[in-house]
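Peer 1: The structure's right below; bear with me while I get my questions together.
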Amino acid sequence: MYADVIVDISHKNIDRPFCYRLPSEFEGSIGIGTKVRIPFGKGNNERCGYVVALCDVPSDGIGEDRIKDILGTAEKSVTADENLIELAAFIRNRYGSTMITALKTVLPVKKEIRKREEKMIVAKVPLLTLEQGITEAEKKKQRAKVRLLRELLSHDKISYTLVTGKLNVSSPTVKSLEKDGFLTVEVNKEPVLPFGFRNMQDEKLKLSEEQRDIVETIGKDRAQGIYGQYYIHGITGSGKTEVYMQLIEDCLKEGKQAILLIPEISLTYQNLNRFYKRFGEKAAVMHSKLTDGEKYEQFMKARSGEVSIMIGPRSALFTPFMNLGMIIIDEEHESSYKSETTPKYHAREVACKLGEIAHATVVMGSATPSLESYYRIRNGELKVFKLTKRLTGGSLPDVHIVDMKEELAAGNKSVFSRKLKNLMEDRLEKGEQMMLFLNRRGYSGSILCRECGEIIKCPHCDISLSEHRGGILMCHYCGYTTEMVKKCPKCGSAKIAGFRAGTEQIEESIHKIFPQAVVLRMDADTTKKSEDYENILSKFAAGEADILLGTQMIVKGHDFKGVTLMGILLADMSLGNNDYRAAERTFQLLTQAAGRAGRGDTPGETVIQTYQPEHYAITYAAAQDYEGFYEEEIAYREFMDYPPAGHMLCVQFYGPDWTRLSRLSIGMTKEVKEKLPAFAEKNVKQIGPGKAAIGKKQDIYRQVVYYKNASVEPLIAIKDYMEKRMTEISVMKEQIQFDLDPVNTF
Ligand code: ADP
Ligand code: ZN
Ligand code: ZN
């Protein structure tokens with residue numbers, strides 16, 4: 001027997017499998033995915049590698065006598081599934097990286113686990129006494145006590161860190177309740193579930209007709225051996241999560257396992273609690289705050305079958321389940337599903353591939369599907385289900401679009417329009433809550449006329465130009481530069497500038513106009529610690545403030561029943577973005593934001609302040625009309641060959657020496673154009689090379705070139721060609737990275 005081994009050194013020159021003999025004593029114990037020890041190179045130094053294939057004849061075509069023996073398994077060996085190795089190969093080929101980097105992305109890395117001592121809070125009194133305690137604490141307005149006692153109603157145990165962190169209950173409060181005999185604090189040596197349960201399974205709801213149709217259709221397909229790909233298109237609150245849980249339950253009944261991807265920001269106490277309540281110890285969570293050791297432990301529990309559901313962001317996709325049956329991607333449109341480090345894979349695409357490899361059903365869901373997915377729906381590649389009703393009541397809010405140009409013309413220079421100010425006044429009088437959303441995305445220097453709303457764009461790319469130091473405007477796609485304009489090219493006004501409004505300034509102006517209002521601010525500055533985010537949300541949910549002011553963080557996922565007004569302060573910010581996805585992002589954000597008001601019994605209102613009241617991203621978001629938006633946006637993408645109508649490859653060149661880097665990027669692109677037959681045959685479009693958005697960072701220069709084409713193959717050929725050439729030519733410190741169908745541009 002022979003084995004193809006990928007050596008554990010990330011270097012382009014050895015990024016291929018090497019053939020080794022598998023001594024008979026190892027047959028059976030070494031298989032695909034086993035980490036092995038091998039002699040490597042002239043000195044036969046011992047190295048590690050991964051077995052990627054087994055065969056009866058040497059694959060290298062080299063002589064029998066020159067083939068070396070595998071020495072044995074590497075000590076910290078983890079046998080990975082063939083599925084994950086196949087997935088690594090897909091990632092390597094599509095997104096570009098070395099095979100070993102791709103393998104390290106998908107395979108669990110063995111790490112020692114330091115056993116943490118876990119303090120648990122345990123209820124000591126019967127439920128009735130707890131309820132009396134709640135009533136008393138409510139009378140005394142001891143909100144933290146109420147929060148903790150309420151939780152103890154449904155869980156007999158809760159982890160101490162969860163209570164002091166996510167529930168925002170201080171240690172003295174816990175002590176005081178302990179003194180009164182409500183609870184005790186116990187120490188566990190073994191890490192345990194963060195909750196204990198009084199009554200599991202009590203949360204299962206009777207599905208609506210729309211929901212049942214989804215579960216039954218997918219179930220019937222699975223019964224016939226069809227492991228398809230599906231999309232649940234439904235607004236927040238329409239019951240998607242309930243469907244996911246039912247699908248997962250059915251999948252577990254078949255003896256299979258499930259992965260649920262959700263954006264990191266949605267891993268909130270409320271959301272996880274729902275899954276723990278339903279599935280108990282079968283569910284595990286993967287998140288970025290786990291140590292490598294803890295991640296590894298989770299993966300091993302999944303492999304051994306102790307855990308059957310893995311919930312988490314992107315990397316949860318690589319859970320080594322033995323019999324994966326289902327992959328669910330919630331909030332499918334979220335850009336955090338795209339990796340920002342090499343290999344720059346998209347979790348949605350990789351999930352679909354894994355579904356094919358492992359014969360698992362893939363289900364995605366969102367209120368605002370990505371253009372990519374809706375395009376696939378239209379092409380019949382994804383089956384779509386619609387959830388049209390909000391199950392907890394509440395109606396969609398009335399939306400007012402306010403033209404900020406008119407405000408200026410009427411002499412109102414404040415960040416609040418007259419309409420919004422009046423409504424804020426009204427809510428404060430009635431004692432109702434409101435949210436103010438400052439859209440800051442893409443605020444990095446787009447230039448906008450405050451009198452006519454014109455955005456200064458690149459004449460070649462239809463992408464807005466960005467302001468750089470020294471009064472220069474630049475296109476991040478093609479490198480086009482021009483001097484900062486002094487007058488609006490459309491209306492001649494001199495009131496043309498980039499925006500510099502932050503949440504802090506807005507908080508100040510609220511205090512000036514409404515001194516009586518209690519404001520909670522949520523932005524990067526106020527959420528530095530991991531618990532901050534949830535602390536602010538739980539304070540607001542408990543009615544401890546009138547206004548929640550924040551960046552996009554406040555828009556995602558959270559339901560506040562008391563909110564009856566949503567103010568979107570600068571809707572255009574993301575339209576000025578120097579990126580072809582600007583309209584899509586704006587539409588998604590505004591649709592989510594607009595739907596925030598009026599979740600409870602009182603109907604809500606939303607105010608969208610904008611300089612471009614007629615822009616389609618804004619009008620369709622106000623109308624909550626996804627289809628309408630899609631039609632206009634896809635026409636634009638088709639016209640410009642932007643994804644998903646075509647594909648786009650971004651190649652980034654990095655290096656410390658400007659002259660060398662520039663020579664490399666120009667030389668390489670010229671070579672591709674002349675030598676790669678696919679380039680001319682397939683009519684590939686090249687934009688650049690030009691300076692990247694951040695042309696230099698930490699003394700490393702950056703150049704970028706974009707390729708566009710209707711199909712992905714010639715772009716992959718370009719990537720492969722460049723990867724190969726980089727190993728042949730003698731580069732000093734230059735590096736090259738690839739980003740296929742980028743989510744963020746450079
Ligand atoms: P989404 O994931 O689309 O936001 P959820 O599944 O979280 O929707 O459901 C929103 C709310 O509706 C939740 O409070 C949930 O308990 C409730 N809900 C979901 N399905 C049903 C149902 N079939 N009957 C009653 N309530 C439901
Ligand atoms: Zn103008
Ligand atoms: Zn351009």
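If you count the sequence shown from 1, position 329 lands on 329 in our numbering, and the numbers rise without skipping.
No residue lacks a Cβ here, since even glycine has one placed at the ideal position from N, Cα and C.
(1) Since residue 183 and residue 121 should fall inside the 8 Å C-beta cutoff, what is the C-beta to C-beta distance between them, to a whole number of angstroms?
(2) May I ask you to list the residues that DSSP assigns as paired with residue 352?
(3) What residue from 124, 607, 149, 726 has the CA that sits closest to residue 136's CA?
(4) Please list the terminal residues of the continuous alpha helix (DSSP H) segment that includes residue 101.
(5) Buried or exposed: where does residue 105 fall if 16 or more other Cβ atoms within 10 Å of its Cβ makes it buried?
(6) By DSSP, does residue 464 sit in helix, in strand, or in coil?
(7) Identify whether residue 585 lies in helix, strand or coil by the three-state DSSP scheme.
(8) Runs of 3 residues minimum, wholly inside the region 378–460: which ones carry the beta strand (DSSP E) assignment?
(9) Using the Cα positions of residue 77 and residue 16, report the straight-line distance between them to the nearest angstrom.
(10) When the Cα atoms are used, what is the spatial distance from residue 443 to residue 163?
(11) Would you kindly report the start and end of the unbroken alpha helix (DSSP H) that includes residue 90?
(12) Near residue 737, what residues of its chain come up, given a Cβ to Cβ distance below 6 Å and the 5 sequence neighbours on each side ignored?
(13) Identify which residue in 301, 707, 345, 292 has its Cα closest to the Cα of residue 314.
(14) Should residue 355 go down as buried or exposed, given a rule of 16 or more other Cβ atoms within 10 Å for buried?
(15) Mind listing, in chain order, the residues whose beta carbon lies closer than 5 Å to a non-hydrogen atom of ligand 1?
(16) Thinking just about the alpha-carbon of each residue, which of 691, 397, 234 is nearest to the one in residue 385?
(17) Taking the Cβ atom as the reference point for each residue, do residue 231 and residue 332 lie within a distance shorter than 9 Å?
(18) What did DSSP end up calling residue 191 once you bin it into helix, strand or coil?
(19) Please name the residue, chosen from 477, 485, 478, that lies closest to residue 471 on a Cα-to-Cα basis.
(20) In terms of residue numbering, what span does the beta strand (DSSP E) encompassing residue 4 cover?
(21) Quick check: is any heavy atom of ligand 2 less than 8 Å from the C-beta of residue 370?
(22) Considering only heavy atoms of ligand 2, does any lie closer than 8 Å to the CB of residue 344?
(23) Could you say if the region 129–146 and the region 367–375 meet the contact criterion of at least three C-beta pairs nearer than 8 Å?
(24) Taking the beta strand (DSSP E) that residue 361 falls in, what are its first and last residues?
(25) Just to check, is the beta-carbon of residue 493 closer than 8 Å to a non-hydrogen atom of ligand 2?
(26) Confirm, please, whether the CB-CB distance from residue 613 to residue 398 is below 9 Å.
(27) Taking the alpha carbon of residue 565 as the point to measure from, which residue in 527, 424, 721, 534 has its own alpha carbon closest?
(28) Quick one: what's got a C-beta closer than 6 Å to residue 740's C-beta in the same chain, skipping five residues either side?
(29) Alpha carbons only, please: which of 659, 717, 700 is nearest the one belonging to residue 752?
(30) Would you mind stating whether residue 220 and residue 252 have Cβ atoms separated by less than 9 Å?
(31) Do residue 393 and residue 559 come within 9 Å of each other at the CB atom, strictly closer than that value?
(32) Hey, is residue 349 close to ligand 2, as in C-beta under 8 Å from one of its heavy atoms?
(33) On a Cα-Cα basis, can you pick out the residue from 302, 241, 291, 255 that is closest to residue 278?
(34) Using DSSP with H/G/I as helix, E/B as strand and the rest coil, what is residue 315?
(35) Using the C-alpha atoms, what's the distance from residue 404 back to residue 338?
(36) CB residue 554 to CB residue 435, shorter than 9 Å?
Peer 2: In terms of the structure at hand:
(1) 5 Å
(2) In the DSSP output, where bridge partners are listed per residue, residue 352 has none listed.
(3) 149
(4) 99–106
(5) buried
(6) strand
(7) helix
(8) 383–387, 398–403, 433–437
(9) Caution applies to residue 77, whose pLDDT of 45 falls short of 50 and renders its modelled position unreliable; the value that the coordinates give is listed next. Approximately 21 Å between the Cα atoms of the pair.
(10) With a pLDDT of 43 at residue 443, under the threshold of 50, the predicted position of this residue should be treated as unreliable, though the coordinate-derived value follows. Cα to Cα, the separation comes out at about 37 Å.
(11) 82–95
(12) 342, 652
(13) 345
(14) buried
(15) 205, 207, 208, 236, 237, 238, 239, 240, 241, 242, 391, 392
(16) 234
(17) yes
(18) Any reading at residue 191 needs caution, since the residue's pLDDT is 48, under 50, leaving its predicted position unreliable; the model's value is listed next. Of the three classes helix, strand and coil, the one that applies to residue 191 here is coil, per DSSP.
(19) 485
(20) 2–7
(21) no
(22) no
(23) no
(24) 361–366
(25) yes
(26) no
(27) 424
(28) 95, 649
(29) Outside the displayed span of the chain (1 to 746) sits residue 752, for which this structure offers no information.
(30) no
(31) no
(32) no
(33) 241
(34) helix
(35) 34 Å
(36) yes
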